[in-house]
Amino acid sequence: RKEVEQDPGPFNVPEGATVAFNCTYSNSASQSFFWYRQDCRKEPKLLMSVYSSGNEDGRFTAQLNRASQYISLLIRDSKLSDSATYLCVVIGGSQGNLIFGKGTKLSVKP
Amino acid sequence: EAGVTQFPSHSVIEKGQTVTLRCDPISGHDNLYWYRRVMGKEIKFLLHFVKESKQDESGMPNNRFLAERTGGTYSTLKVQPAELEDSGVYFCASSQEQGAAITGELFFGEGSRLTVL
Chain A
4 RKEVEQDPGP FNVPEGATVA FNCTYSNSAS QSFFWYRQDC RKEPKLLMSV
54 YSSGNEDGRF TAQLNRASQY ISLLIRDSKL SDSATYLCVV IGGSQGNLIF
104 GKGTKLSVKP
Chain B
-16 EAGVTQFPSH SVIEKGQTVT LRCDPISGHD NLYWYRRVMG KEIKFLLHFV
34 KESKQDESGM PNNRFLAERT GGTYSTLKVQ PAELEDSGVY FCASSQEQGA
84 AITGELFFGE GSRLTVL
C-alpha cells in the first residue's frame, strides 16, 4: 500500500464549479498534513496545512479525519487559475521529510 | 529575495555517462533536500542536509548517486554512471531550521529534468 494515495484524476470542471479531492494515508502515527500545488513544469508550492478541526483559506477548505486516515481539499467557485496538480503531503520520518501523493490534476475550463 | 535555483534545467545524457546537478538554496536556509519524480510516480525523498552534514540519506536509490554540500551552501547531486531508470525530475528544496517538520513548508526549485537515453 502506498503511503499517501490520491484520486487519480484528472478532474475537468467548468469555472464556478465546486470540486473535492481526497487523499488517504497509511501511517496512523502521522501528525502533520498539507496540500501542495504544482503548476505544469513548475515547482511544488505549499497551498495550505490541514488541521484536525478543518481549516479554510478563502475558497479552499481542508479537512482531516484521523479515524479514517483521510484528508480532503474542497475548492469552491473554481477559477481558471486553479488549474494545476494538487499534491497531498504527509510529514514522515524524524526529520520532517515530506511524503507526497502522486497528485490529482485539475483543469478548470471556461 | 532569490528562491531556490537549480542547474541545469534539463540534461540529456547517454546511459553510462555522468551528470552533476546543482542546487543553490535560499540564503540562510540550513536545511537542503533532494527529491526526485520519476514519470508516472510520486515525488520521492532522496536525502536531507543540515548545513554540510547529511542528516538522512535513506532515500538515495543506490551508490551511483552522490550528494555533497561542501561549506553548507550549494549542493550537488552526481549520478555516475547514469542508467535509464534515473530519468526524471530532480527537485531541490530548502527550509529554515526545522521548518519543514513544523510548518510543512519547503521551498522548491523548479527542478532539473534528467533524460537518460
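Chains as they are written, first to last, in our numbering: chain A, 4 to 113; chain B, -16 to 100.
Cβ coordinates follow ideal geometry from the N, Cα and C atoms, glycine included.
Worksheet item: If you draw a straight line from the C-alpha of L49(A) to the C-alpha of A70(A), how long is it?
Response: Rounded to whole angstroms, L49(A) to A70(A) spans 25 Å at the Cα level.
Fill in: Residues bridged to Y73(B) [DSSP beta-bridge criterion]
Answer by DSSP bridge pairing, in chain order: R19(B), S95(B).
Worksheet entry | Any 3 or more C-beta pairs closer than 8 Å across the region 63 to 83 of chain A and the region -12 to -2 of chain B | Contact between the region 63 to 83 of chain A and the region -12 to -2 of chain B is absent: fewer than 3 CB-CB pairs across the two stretches fall below 8 Å.
Worksheet item: Counting contacts by CB-CB distance shorter than 9 Å, is Y18(B) in contact with chain A?
Response: At a cut-off of 9 Å between beta carbons, Y18(B) contacts chain A.
Fill in: Continuous beta strand (DSSP E) stretch holding K61(B): start and end
58 to 62 is the span of the beta strand (DSSP E), which, as asked, contains K61(B).
Worksheet item: Which of the residues in the region 30 to 41 of chain B, read from start to end, lie with their CB under 7 Å from any CB of chain A?
Response: For the region 30 to 41 of chain B, which is checked against every Cβ of chain A, the residues closer than 7 Å are H31, Q38, D39.
Item to complete: Step through the CB atoms of chain A and report whether any lies within less than 9 Å of the CB of E68(B).
Response: No, E68(B) does not count as interfacial toward chain A.
Worksheet item: Which bits of chain B does K108(A) rub up against, with CB to CB less than 8 Å?
Response: Per Cβ cutoff of 8 Å: no residues; K108(A) is ~13 Å from chain B at best.
Worksheet item: Looking at the C-beta of G94(B), does it have a partner C-beta in chain A at a distance below 9 Å?
Response: G94(B) belongs to the set of residues whose beta carbon lies under 9 Å from a beta carbon in chain A.
Practice prompt. Take the Cβ of P8(B) as the centre, count every other Cβ of all protein chains shown within 10 Å, and call the residue buried at 16 or more, exposed below.
Written response: Burial call: buried.
Item to complete: Given a cut-off of 9 Å, decide if G104(A) and E88(B) are closer than it, judged by their beta-carbon atoms.
Response: Between E88(B) and G104(A), the CB-CB gap reaches or exceeds 9 Å.
Practice prompt. Below 8 Å on the Cβ atoms is my guess for V(-13)(B) versus G92(B); work out the distance and round it to an integer in Å.
Written response: Rounded, the Cβ-Cβ distance is 4 Å, consistent with contact.
Discussion item. Can you list, in chain order, the residues of its chain with a C-beta nearer than 8 Å to that of G11(B)? Leave out the 5 residues immediately preceding and following it.
Written reply: Answer for G11(B): Q79, listed in chain order.
Worksheet item: Which bits of chain A does L89(B) rub up against, with CB to CB less than 7 Å?
Response: L101, listed in chain order.
Fill in: L4(B), enclosing beta strand (DSSP E) - first and last residue
Here the beta strand (DSSP E) through L4(B) covers 2 to 7.
Worksheet item: What does H12(B) pair with, by DSSP beta-bridge criteria?
Response: None; H12(B) has no bridge partner.
Worksheet item: Pick from T56(B), N46(B), G71(B), C75(B): whose alpha carbon is nearest that of S36(B)?
Response: T56(B) is the residue among T56(B), N46(B), G71(B), C75(B) whose C-alpha sits nearest the C-alpha of S36(B).
Worksheet item: What alpha helix (DSSP H) runs, 4 residues minimum, are completely inside the region 48 to 110 of chain A?
Response: Whole alpha helix (DSSP H) segments, 4+ residues: zero.
Practice prompt. Please report how far the alpha carbon of L67(B) lies from the alpha carbon of G19(A), in whole angstroms.
Written response: CA-CA distance, L67(B) to G19(A), rounds to 43 Å.
Fill in: P44(B) versus F32(B): straight-line alpha-carbon distance, rounded
When only Cα atoms are considered, P44(B) and F32(B) end up about 16 Å apart.
Worksheet item: Listed in chain order, which residues of the region 29 to 48 of chain A have Cβ atoms closer than 9 Å to some Cβ of chain B?
Response: So the list reads S35, F36, F37, Y39, Q41, R44, K45, E46, P47, K48, given in the order they occur along the chain.
Worksheet item: Less than 9 Å separating the beta-carbons of S77(B) and L4(B)?
Response: L4(B) sits away from S77(B), with the two beta carbons spaced by 9 Å or more.
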